[in-house]
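What follows is the structure, encoded as structure tokens:
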């Protein structure tokens with residue numbers, strides 16, 4: 008009987024090579040430049056907090072071999088895109104940071120946010136919105152719609168009682184119960200449909216589920232036949248700054264688990280991007296007030 012042996016570093020390297028070769032074939036077929044794709048994967052890895060101290064592990068994570076990781080790091084260091092840390096590893100370099108700052112310098116916060124909404128709408132085929140809390144309501148700052156017949160009454164500038172909408176719930180979920188009660192007032196809470204929470208016990212349970220999943224889903228929650236998914240955009244202290252949401256008819260949103268997970272993933276990814284892009288909260292809020 009042959010004794011099983013644990014996977015070796017050679018096994019891991021071979022797996023990385025196979026993954027890299029597959030990526031290379033896909034990139035070649037699409038007319039893409041493979042080394043650029045690899046460099047961007049490495050940059051995203053570092054930007055997400057990944058350590059480059061163990062190059063074999065980096066290679067495994069981004070799907071390339073150790074030698075390629077070494078060459079990518081050397082090249083990106085040379086260009087100032089990455090810089091080495093005193094005790095090993097790398098961080099984003101000043102060259103990258105100044106390039107990013109220059110790219111954003113000519114845009115205001117709402118213009119930057121609209122670019123994220125455009126991407127979200129393109130990936131989901133649904134209308135996307137950026138909202139902020141405004142007293143007891145959410146105010147819709149931006150709206151990006153697909154090339155489809157209009158299915159929702161929500162427009163940029165619309166105001167709706169916060170707890171009745173998916174974006175409102177995603178924002179309320181990050182407030183304390185005391186703050187929510189101060190905002191929304193005494194029971195019974197306002198209702199739009201039979202699904203609307205009329206008590207704080209029901210609302211708190213709903214918001215707890217929203218926090219657990221990282222997004223808020225609404226089915227016929229405000230408009231009949233319209234489903235929505237929203238995720239909060241947080242400031243540096245973890246406080247709700249805005250919400251990104253998508254909405255559309257159930258026939259487009261889909262009722263199967265896989266479709267809804269894909270939609271939720273796009274919304275949460277967009278909200279995470281906005282958390283970075285709108286990190287300068289005072290400037291964003293000032294832009295929101297002018298909108």
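Numbering (this note's numbering), first residue to last: 8 to 298.
Note that beta-carbon positions come from the ideal geometry of N, C-alpha and C, so glycine has one too.
Here the structure is a predicted model, which means the values were calculated and not measured.
Residue 181 is not bridged by DSSP to any residue.
Non-local C-beta neighbours of residue 223 in its own chain, meaning closer than 6 Å and more than five positions away in sequence, comprise 173, 176, 177, 217, 237, ordered along the chain. With a 10 Å radius around the Cβ and a threshold of 16 neighbouring Cβ atoms, residue 258 comes out exposed.
In this structure, the beta-carbon distance from residue 181 to residue 247 falls below 8 Å. Contact annotation: residue 147 and residue 164 have beta-carbon atoms nearer than 8 Å.
Membership of residue 144 in the beta strand (DSSP E) is indicated by the continuous run 144-151. For residue 69, the enclosing alpha helix (DSSP H) starts and ends at 62-69. Look at residue 89 here: in three-state DSSP terms it is strand. One thing to note: residue 202 has its Cβ within 8 Å of the Cβ of residue 227.
If you look at residue 256, you'll find it in the beta strand (DSSP E) that goes 247-256. Within the stretch 163-220, the complete alpha helix (DSSP H) segments at least 4 residues long are 173-179, 184-191, 207-220, listed from N- to C-terminus. Counting other Cβ atoms within 10 Å of its Cβ, residue 160 stays below 16 and is therefore classed as exposed. Following the DSSP letters along the chain, one finds residue 223 inside the beta strand (DSSP E) bounded by residues 223-226. Look at residue 235 here: in three-state DSSP terms it is strand. Under the DSSP assignment, residue 266 falls in the alpha helix (DSSP H) whose first and last residues are 264-284. Counting along the chain, residue 128 sits inside the alpha helix (DSSP H) bounded by residues 116-131.
Sequence-distant partners of residue 91 (beyond 5 residues in either direction) whose C-beta falls short of 6 Å from its own C-beta, in its chain, are 97.
Under DSSP, residue 97 forms a beta bridge with 91.
Beta-bridge analysis with DSSP links residue 140 to 145. Spatial neighbours of residue 189 in its own chain (CB-CB distance under 8 Å, excluding positions within 5 residues in sequence) are not present. Linking residue 284 to residue 77 through their CA atoms gives a straight-line distance of about 30 Å.
Between the stretch 241-256 and the stretch 127-144 there are three or more inter-stretch CB-CB distances shorter than 8 Å, so the stretches are counted as touching. Take the alpha-carbon of residue 52 and the one of residue 205: they are about 44 Å apart.
It is roughly 33 Å from the alpha-carbon of residue 296 to the alpha-carbon of residue 99. Counting C-beta atoms within 10 angstroms of its own C-beta, residue 94 has fewer than 16 neighbours from the protein chains shown and is therefore classed as exposed.
Here residue 49 carries a helix assignment [DSSP, helix/strand/coil]. Collapsing the DSSP output to three states places residue 83 in a helix. Taking 8 Å as the cut-off, the beta carbon of residue 54 is found no closer than this to the beta carbon of residue 281.
Checking the DSSP bridge columns, you'll see residue 134 partnered with 254. Cβ contact annotation for residue 221 (same chain, cutoff 7 Å, sequence separation greater than five): 238, 275, in chain order.
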